[in-house]
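Chemist: Below is a structure I'd like to ask you about.
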Ligand code: EPZ
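In the working numbering, the protein residues as written are -17 to 406.
Printed below as a string of structure tokens:
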């Protein structure tokens, strides 16, 4: 397994183009199953999770072609409707193929995704939505066996809790249901709006995107379309923190600042200088004095849980006491103990983490536990003195394209070291 080695202390300077959003691209790829005509996606990031989704779609018989920076997905010849455990367990978003498969083919058998480092990650809200749409569901040997021999019917689906995945799942299943579907208490993440826009381009009739109530008028079939994946707001936030924590000066291009207003406001509250320079460009400069701030993660448009670990790394360098409260996932502080090994002063009590700074960080061998935790370890390594070794970098490759190369281009002393012992 590769490791990342960072010699901390370099200020990051220069320009970085933000990739397409992983958390938009994954449901968008699953949406190809809804039509027998090709769906062409542009600005798809090159990530391990994207490769896994391609593999899963190909296992159903979807033809995947890469050409001039776009991915063409053709589901005209679906020959299999089972998503095997080995693929689904590696990436929870695979579960999203269930709805499109059963909406298009009347049947699907998809492994229940397991939990992961940050929580149990149940899918009860997904299943509740599909049941409401008339899907028959049976749990057998770790699989969800779904059937809709007479197709899906529109329904009123009120989510008892906000769920990004369950909202995306219901949206994709409802577009081919007979009649009208109303989603109440839907998640409002920009990735959901992006998925909705793509479905509209394929001929779906959807209104209320971006709000808590979404209405879908079912249609008989969807046609092919071309769609550009929106910029990754979490990658944007991560690079903003990288510029701030190293005392640098970065220009981020191809981003959508209005998709991370809560994060921008919080970083400004900490004293970080951030300027929207128009045309999808953000400039971040180090704070004259980095000061502590409190954060509570919330559903969009609140402060994103996917930015909590990165903010914690920054808070270790801020003067004062920062309180971070994680309200979305039950176990999303795995990075805290690793950053503490580098010298941070963090006290975790339930879903509250109290960070007292500034504390000088000292490089150490640390272990990545999940995608965003690994990003926070990289950020801490960038500001730590001497050398930080991060293992299990496959976690970070799931959500950040060539992170070591791109940070090196900005002046970081960071290398990916192949673990030859593992290869020996
Ligand atoms: C999506 O996960 C993202 N993943 C996550 O990003 C992100 O953290 C999360 O939304 C919240 O913003 C993708 O889009 C691929 P949820 P998802 O359903 O859809 C509970 C990253 O780092 N819940 O909104 O799984 C759940 O346990 C990843 O890029 C149920 O109880 O998130 C959690 O506590 C991590 N039952 C809360 O809801 C369900 O059926 C929010 O989960 C579904 C969810």
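For every residue, glycine included, the Cβ atom is placed at its ideal position computed from N, Cα and C.
#1: Helix, strand or coil: which one does DSSP assign to residue 118?
#2: According to the neighbour-count rule (16 or more other Cβ atoms, all chains shown, within 10 Å of its Cβ), is residue 155 buried or exposed?
#3: With a CB to CB cut of under 6 Å and the five nearest residues on each side skipped, what residues in its chain are close to residue 257?
#4: By alpha-carbon positions, which one of 340, 225, 312 and 68 ends up nearest to residue 322?
#5: Taking only three categories from DSSP, how would you classify residue 202?
#6: Do you know offhand how far residue 148's Cα is from residue 221's?
#7: What is the residue span of the alpha helix (DSSP H) that residue 248 lies within?
#8: Below 8 Å between beta carbons: does that hold for residue 263 and residue 235?
#9: If you draw a straight line from the alpha carbon of residue 399 to that of residue 319, how long is it in whole angstroms?
#10: What is the rounded straight-line gap between the Cα of residue 183 and the Cα of residue 272?
#11: Please report the Cβ distance between residue -9 and residue 363, rounded to the nearest whole angstrom; I am assuming they are in contact, meaning their Cβ atoms lie under 8 Å.
#12: Say yes only if the C-beta of residue 145 is nearer than 7 Å to one or more non-hydrogen atoms of the ligand EPZ, and no if none qualify.
#13: Using 7 Å as the cut-off, classify the Cβ of residue 305 as near or not near the heavy atoms of the ligand EPZ, replying yes or no.
#14: Please state the DSSP three-state secondary structure of residue 141.
#15: Is there at least one non-hydrogen atom of the ligand EPZ closer than 7 Å to the beta-carbon of residue 4?
#16: By DSSP, does residue 327 sit in helix, in strand, or in coil?
#17: Classify residue 90 as buried or exposed, calling it buried when 16 or more other Cβ atoms lie within 10 Å of its own Cβ.
#18: Going by other Cβ atoms of all chains shown within 10 Å of its Cβ, with 16 needed for buried, is residue 406 buried or exposed?
#19: Within a Cβ cutoff of 7 Å, which residues of the same chain sit near residue 5, ignoring the five residues on either side of it in sequence?
#20: Counting C-beta neighbours from all protein chains within 10 Å, is the total for residue 407 16 or more, i.e. buried, or is it exposed?
#21: So, do the stretch 9 to 24 and the stretch 78 to 89 have three or more beta carbon pairs nearer to each other than 8 Å?
#22: Check this for me: beta carbons of residue 209 and residue 23, under 8 Å apart or not?
#23: How do the stretch 276 to 283 and the stretch 57 to 77 stand: do at least 3 beta-carbon pairs fall below 8 Å, yes or no?
#24: Helix or strand or just coil, what does DSSP make of residue -6?
#25: With distances taken Cα to Cα, identify the nearest neighbour of residue 133 among 60, -6 and 88.
#26: Less than 7 Å between C-beta atoms, sequence neighbours within five positions excluded: which residues of the same chain meet that for residue 1?
#27: Identify the continuous alpha helix (DSSP H) that holds residue 386 and give its terminal residues.
#28: Taking the beta strand (DSSP E) that residue 304 belongs to, which residues open and close that run?
#29: Can we count residue 373 as close to the ligand EPZ, meaning its CB is less than 7 Å from some heavy atom?
#30: Among 389, 305, 380 and 111, which has the Cα closest to the Cα of residue 164?
#31: Flag residue 216 as yes when its Cβ comes closer than 7 Å to any non-hydrogen atom of the ligand EPZ, and as no otherwise.
#32: Tell me which residue opens and which closes the alpha helix (DSSP H) that residue 4 is part of.
#33: Pick helix, strand or coil for residue 404, following the three-state DSSP scheme.
#34: Skipping 5 residues on each side, what residues in its chain have a beta carbon closer than 6 Å to that of residue 371?
#35: My output table needs one value for residue 351: the three-state DSSP class, helix, strand or coil.
#36: Please state whether the Cβ-Cβ distance between residue 99 and residue 379 is less than 8 Å.
Modeler: Taking the definition as stated:
#1: Here the question's residue 118 lines up with position 136 in the chain shown. Reduced to three states, the DSSP call for residue 118 is strand.
#2: To locate residue 155, count along the chain shown from 1; it is residue 173. So residue 155 ends up on the buried side.
#3: For the purposes of this step, residue 257 is taken as residue 275 along the chain shown, with counting starting at 1. Within the same chain, and ignoring the five residues on either side of residue 257 in sequence, the residues whose Cβ sits closer than 6 Å to its Cβ are 265.
#4: Position 340 of the chain shown, counted from the first residue, corresponds to residue 322. Ranked by how close their Cα comes to the Cα of residue 322, the residues 340, 225, 312 and 68 have 340 in first place.
#5: Position 220 of the chain shown, counting from 1, holds the residue named residue 202. The three-state reading of DSSP puts residue 202 in coil, since its state is none of H, G, I, E or B.
#6: Working through the chain shown from its first residue, we reach residue 148 at position 166. Working through the chain shown from its first residue, we reach residue 221 at position 239. The alpha-carbon atoms of residue 148 and residue 221 are separated by roughly 29 Å.
#7: On the chain shown, position 266 is the one that residue 248 refers to. Counting along the chain, the unbroken alpha helix (DSSP H) around residue 248 starts and ends at 243 to 251.
#8: The residue you call residue 263 lines up with position 281 of the chain shown. The residue you call residue 235 lines up with position 253 of the chain shown. The Cβ-Cβ distance between residue 263 and residue 235 falls below 8 Å.
#9: As a working mapping, residue 399 is identified with position 417 in the chain shown. As a working mapping, residue 319 is identified with position 337 in the chain shown. C-alpha of residue 399 to C-alpha of residue 319: approximately 24 Å in a straight line.
#10: If you number the chain shown from 1, residue 183 lands on position 201. If you number the chain shown from 1, residue 272 lands on position 290. Within the model, the alpha-carbon separation for residue 183 versus residue 272 is close to 45 Å.
#11: Translated into positions along the chain shown, residue -9 becomes position 9. Translated into positions along the chain shown, residue 363 becomes position 381. That belief does not hold up - the Cβ atoms of residue -9 and residue 363 are roughly 10 Å apart, past 8 Å.
#12: Along the chain shown, read from residue 1 onward, the residue named residue 145 stands at position 163. Set against 7 Å, the gap from the CB of residue 145 to the closest heavy atom of the ligand EPZ is smaller.
#13: Within the chain shown, the letter at position 323 stands for residue 305. Closer than 7 Å to some heavy atom of the ligand EPZ: that does not describe the Cβ of residue 305.
#14: Within the chain shown, numbered from 1, the residue matching residue 141 stands at position 159. For residue 141, the secondary structure class from DSSP, reduced to helix, strand or coil, is coil.
#15: Residue numbering aside, residue 4 sits at position 22 when the chain shown is read from its first letter. Checking the Cβ of residue 4 against the ligand EPZ gives yes.
#16: Translated into the one-based positions of the chain shown, residue 327 becomes position 345. In the structure shown, residue 327 sits in a strand (DSSP, three-state: E or B).
#17: Position 108 of the chain shown, counted from the first residue, corresponds to residue 90. Answer is buried; the Cβ neighbour count reaches 16.
#18: In the chain shown, residue 406 corresponds to position 424, counting from 1. Low confidence applies here, because residue 406 scores a pLDDT of 46, under 50, leaving its location unreliable and the question unanswered by this model.
#19: For the purposes of this step, residue 5 is identified with residue 23 of the chain shown, where counting begins at 1. Correct list, in chain order: 173.
#20: Residue 407 is absent from the structure shown; the chain starts at -17 and stops at 406.
#21: Contact between the stretch 9 to 24 and the stretch 78 to 89 is present, because at least three Cβ pairs lie under 8 Å.
#22: Here residue 209 refers to the residue found at position 227 when the chain shown is read from its first residue. Here residue 23 refers to the residue found at position 41 when the chain shown is read from its first residue. If you check the CB distance, residue 209 and residue 23 come in under 8 Å.
#23: Counting Cβ pairs under 8 Å, fewer than three are found: no touch.
#24: Looking up residue -6 in the chain shown gives position 12. Three-state DSSP puts residue -6 in coil, outside helix and strand.
#25: One-based indexing of the chain shown puts residue 133 at position 151. The candidate whose alpha carbon is nearest that of residue 133 is 88.
#26: Indexing the chain shown from 1 puts residue 1 at position 19. The answer, listed in chain order, is 27, 214, 217 and 383.
#27: For the purposes of this step, residue 386 is taken as the residue at position 404 of the chain shown. Membership of residue 386 in the alpha helix (DSSP H) is indicated by the continuous run 385 to 391.
#28: What you label residue 304 is simply residue 322 of the chain shown in a count that begins at 1. Annotation for residue 304: the continuous beta strand (DSSP E) segment containing it runs 302 to 307.
#29: The count along the chain shown starts at 1 and reaches residue 373 at position 391. Incorrect: residue 373 has no Cβ contact closer than 7 Å to the ligand EPZ.
#30: On the chain shown, residue 164 is found 182 positions in, with the first residue counted as 1. Ranking 389, 305, 380 and 111 by CA distance to the CA of residue 164 puts 111 first.
#31: Walking along the chain shown from the start, residue 216 turns up at place 234. Checking the Cβ of residue 216 against the ligand EPZ gives yes.
#32: Within the chain shown, the letter at position 22 stands for residue 4. Residue 4: member of the alpha helix (DSSP H) spanning 4 to 12, first to last residue.
#33: Working through the chain shown from its first residue, we reach residue 404 at position 422. With a pLDDT of only 49 at residue 404, under the threshold of 50, the placement of this residue in the model should not be trusted, and no figure is reported.
#34: By 1-based counting over the chain shown, the position of residue 371 is 389. If you ignore the 5 residues before and after residue 371, its C-beta comes within less than 6 Å of the C-beta of -15, -13 and 347, all in its own chain and listed in chain order.
#35: If you number the chain shown from 1, residue 351 lands on position 369. Residue 351 falls in the coil class under three-state DSSP.
#36: As a first step, residue 99 must be located in the chain shown, where it is residue number 117. As a first step, residue 379 must be located in the chain shown, where it is residue number 397. With contacts defined by Cβ atoms closer than 8 Å, residue 99 and residue 379 do not form a contacting pair.
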